[in-house]
Amino acid sequence: MDISNLKKAIDQEIAGVKTEDDVFAFHQKFLSKSGEITKLMAGIKDIAPEKRGEFGKTCNAIKQDTETRLFKIQDEIKAVALREKLMSDPLVDITIPRLNTKRGTLHPITIVTRDVEEVLERMGFIVEEGNEIATEFENFESINIPKHHPARDMQDTFWLSDGRVLRTHTSMWQNYMMKKYGPSFRAICPGRCFRNEATDATHENTFFQVEGMMVGKDISIANLLYFMKEITTALLKRDDIEVRLRPSYFPFTEPSFEMDATCVFCDGKGCPICKHSGWIELFPCGMIHPRVLEMGGINPKEYRGFAFGFGLTRLAMLRWGIKDIRMFNSGNLDFLAGVTK
Ligand code: DAH
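Mapping to this note's numbering: the sequence shown position 306 is 1209, numbers consecutive.
Shown next, in the form of structure tokens:
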């Protein structure tokens, strides 16, 4: 057999190797002392001396390649046979996890996100997912932050070369939610946000927020306060939490507030975490600005709504007493698995 016929024969026959017997037969036919490859190599004496080097290399390559392929198939056959043997043994359960193996855990952010989703779904909120890349209109204009508005400076932005941005907050999803579900609805949109910031223990360039909004007829600050308190109570898993609203400013809400809750670390007595005030700042929120409603296709004379947007990362830090925000994206498995235990 010449080289090209031999290669063809090998390819054809190796495809049919399915059992240990096939492996043996194939080995005999091609790789053994009397096999075809050996025969081919023996023919070297009939080759012109200057071509022998080349010929020898080709033969060796074919031999090595064929051996590698055959042994791989043999390993697979062995593994299947072993598996079948174990599966049919009534005393062996191959699904039991190995002892002392490290098992994965949910990331702290995943845990708080699921908690928030569960609590808000129970209150009738739809859960939406938003894009992480936003147009300038979505991230700023659609929520009443026009060009040159000083509020743009509050959020250092990653700009893409095509003029779009990595969303700086989940508020950019308000416009989409109003257009999709308006004029009466409750929805939240959790997700990753980005800011072009130097990182330290309390600043990250990548963090998680959740945006929530409720729009309908006769929605008032009383509704906002009720929902904020319910959500806080459910998330902190305590029913002795007091909340209060402090005036604040956001371009997309009017009036705007910061909602504080009783400090969970000292029960309101005052401690270093709440800077001895007894309160911790939890949710920025407010009544949706009429212009924002209008841009979402909702008539502000007929409908009103409230919005809130809070840091899931911050919530996780409060829940597990995590002092350094950079740990979340650190990939440090010991920390990530241990902190939520
Ligand atoms: N988007 C704001 C931020 O990232 C947070 C926020 C404040 C969202 C007030 C709201 C709101 O919906 O009403 O800083």
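Cβ coordinates follow ideal geometry from the N, Cα and C atoms, glycine included. In this text, all values refer to a predicted model and were calculated from it rather than measured experimentally.
Cross-strand partners of residue i (DSSP beta bridge)
i: residue 1188; result: 1160, 1211
i: residue 1148; result: 1162
i: residue 1012; result: Its beta-bridge partners do not exist; DSSP assigns none.
i: residue 1167; result: Paired residue(s): none; residue 1167 is not in a bridge.
i: residue 1029; result: 1090
i: residue 1069; result: 1036
i: residue 1048; result: Note: residue 1048 sits in no beta bridge, so no partner.
i: residue 1182; result: 1165
i: residue 1062; result: 1068
Distance, residue j Cα to residue i Cα
i: residue 1237; j: residue 1204; result: 54 Å
i: residue 919; j: residue 927; result: 12 Å
i: residue 1173; j: residue 1007; result: 37 Å
i: residue 1026; j: residue 1092; result: 15 Å
i: residue 1115; j: residue 1192; result: 14 Å
i: residue 1232; j: residue 915; result: 51 Å
i: residue 1045; j: residue 1086; result: 16 Å
i: residue 1061; j: residue 988; result: 57 Å
i: residue 1049; j: residue 1032; result: 25 Å
i: residue 1226; j: residue 973; result: 56 Å
i: residue 1131; j: residue 1024; result: 14 Å
i: residue 932; j: residue 941; result: 10 Å
i: residue 956; j: residue 917; result: 27 Å
i: residue 907; j: residue 982; result: 33 Å
i: residue 1184; j: residue 1164; result: 7 Å
i: residue 1180; j: residue 1148; result: 15 Å
i: residue 1058; j: residue 1098; result: 6 Å
i: residue 958; j: residue 912; result: 19 Å
i: residue 937; j: residue 978; result: 24 Å
i: residue 1161; j: residue 1195; result: 19 Å
i: residue 1051; j: residue 1011; result: 37 Å
i: residue 1240; j: residue 1166; result: 26 Å
i: residue 1129; j: residue 1103; result: 35 Å
i: residue 991; j: residue 1000; result: 18 Å
i: residue 1003; j: residue 997; result: 16 Å
i: residue 1083; j: residue 1214; result: 24 Å
i: residue 924; j: residue 966; result: 20 Å
Unbroken beta strand (DSSP E) run spanning residue i, endpoints
i: residue 1097; result: 1088-1097
Assumed close pair residue i, residue j - CB separation to whole angstroms, cut-off 8 Å
i: residue 1157; j: residue 1189; result: 7 Å
i: residue 1018; j: residue 1138; result: 6 Å
i: residue 980; j: residue 922; result: 7 Å
i: residue 1041; j: residue 1078; result: 6 Å
i: residue 1107; j: residue 1229; result: 6 Å
i: residue 1070; j: residue 1037; result: 4 Å
i: residue 1111; j: residue 1243; result: Contact doesn't hold; Cβ gap of about 15 Å is too wide.
i: residue 969; j: residue 934; result: 6 Å
i: residue 1090; j: residue 1014; result: Incorrect: roughly 22 Å between the Cβ atoms, too far for contact.
i: residue 1212; j: residue 1068; result: Not a contact, Cβ separation roughly 17 Å.
i: residue 1135; j: residue 1142; result: Residue 1135 to residue 1142, Cβ: 10 Å. No contact.
i: residue 1208; j: residue 1122; result: 5 Å
Which of helix, strand or coil DSSP assigns to residue i
i: residue 1019; result: helix
i: residue 1237; result: helix
i: residue 1176; result: coil
i: residue 997; result: coil
i: residue 1056; result: helix
i: residue 949; result: helix
i: residue 1153; result: strand
i: residue 1225; result: coil
i: residue 1043; result: coil
i: residue 1074; result: helix
i: residue 1243; result: coil
i: residue 936; result: coil
Run of the alpha helix (DSSP H) containing residue i, from where it starts to where it stops
i: residue 1109; result: Unbroken run through residue 1109 is the beta strand (DSSP E), 1109-1119; no alpha helix (DSSP H).
i: residue 962; result: 952-990
i: residue 1206; result: Segment: none, residue 1206 is in no alpha helix (DSSP H) and carries neither H nor E.
i: residue 907; result: 906-917
i: residue 1078; result: 1077-1084
i: residue 925; result: 923-929
i: residue 1125; result: 1124-1139
i: residue 920; result: That residue, residue 920, is in no alpha helix (DSSP H); it is neither H nor E in DSSP.
i: residue 1004; result: It is not in any alpha helix (DSSP H) - residue 1004 carries neither H nor E in the DSSP assignment.
i: residue 1100; result: No alpha helix (DSSP H) contains residue 1100, which DSSP labels as neither H nor E.
i: residue 1196; result: 1193-1198
Any chain D beta carbon closer than 8 Å to residue i
i: residue 1036; result: The chain labelled as chain D is not found in the depicted structure, where only one protein chain is given.
Cβ-heavy atom distance, residue i to ligand 3, below 7 Å
i: residue 1061; result: Absent from the structure shown: ligand 3. Ligands present: ligand 1.
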